[in-house]
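**Student:** Each protein sequence line maps, in turn, to chains H and F. Per our numbering, residue 42 is the first one in the first sequence, and the count goes up by one each step. Per our numbering, residue 138 is the first one in the second sequence, and the count goes up by one each step. Sharing a structure here in structure tokens format.
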Amino acid sequence: PPAPETSPVEFDSAISYVNKIKNRFLDHPEIYRAFLEILHTYQKEQLEVKESRGNRGSSGMTEDEVFSKVASLFKGQEDLLAEFGQFLPDA
Amino acid sequence: SYDFTPLDSSAVYVLSSMARRRRASQS
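What follows is the structure in structure tokens.
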């Protein structure tokens, strides 16, 4: 479930976006899968950083890195990438 | 209705958290 601070609008846009990608890559499930993995890895690293409070000198995957990974995954799908950028804090 | 796997839901969660931080940083 979403964090309480997440508004329903943000949650709904995220659901629609994930569905859009899923449908766009119906013939290439490995691309959709890779997209999920990128987000999953990002989230996992963020949690690890939080737990270690940066003691290991790592800041985890940055949002810039997430964006470039997704950009190389969504080559030729500029609309998806532009929409993805709208979720990123520094886009 | 959506047929989401746990990994799908996790992606939705990550994206909405990013959007929330974006909103927070803009206000």
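In this text, a Cβ means the ideal position worked out from N, Cα and C, and glycines have one as well.
(1) Can at least three beta-carbon pairs, one atom from the segment 85–96 of chain H and one from the segment 44–64 of chain H, be found at a separation below 8 Å?
(2) Need the endpoints of the alpha helix (DSSP H) that M155/F sits in, please.
(3) Pick helix, strand or coil for I70/H, following the three-state DSSP scheme.
(4) Should A89/F be labelled buried (16 or more other beta-carbon atoms within 10 Å of its own) or exposed?
(5) Taking S162/F as the query, report the chain H residues whose CB atoms sit under 7 Å from its CB, ordered along the chain.
(6) If we ignore side chains and look at the alpha-carbon of each, how far apart do Y73/H and K61/H end up?
(7) Do you know offhand how far Q84/H's Cα is from V151/F's?
**Tutor:** Let me spell this out:
(1) no
(2) The residue given as residue 155/F occupies position 18 in the second sequence. Per DSSP, M155/F belongs to the alpha helix (DSSP H) from P143 to Q163.
(3) Against the first sequence, residue 70/H aligns to sequence position 29. At residue 70/H the sequence reads Pro, which differs from the Ile that was named. Helix.
(4) Residue 89/F lies beyond the range of chain F shown here (138 to 164); nothing can be said about it.
(5) To locate residue 162/F, count along the second sequence from 1; it is residue 25. Within 7 Å Cβ-Cβ: P130.
(6) Residue 73/H sits at position 32 when you count from the first residue of the first sequence. Residue 61/H sits at position 20 when you count from the first residue of the first sequence. Answer to the nearest angstrom: the Cα atoms are 10 Å apart.
(7) The count along the first sequence starts at 1 and reaches residue 84/H at position 43. The count along the second sequence starts at 1 and reaches residue 151/F at position 14. The straight-line gap from Cα to Cα measures roughly 7 Å.
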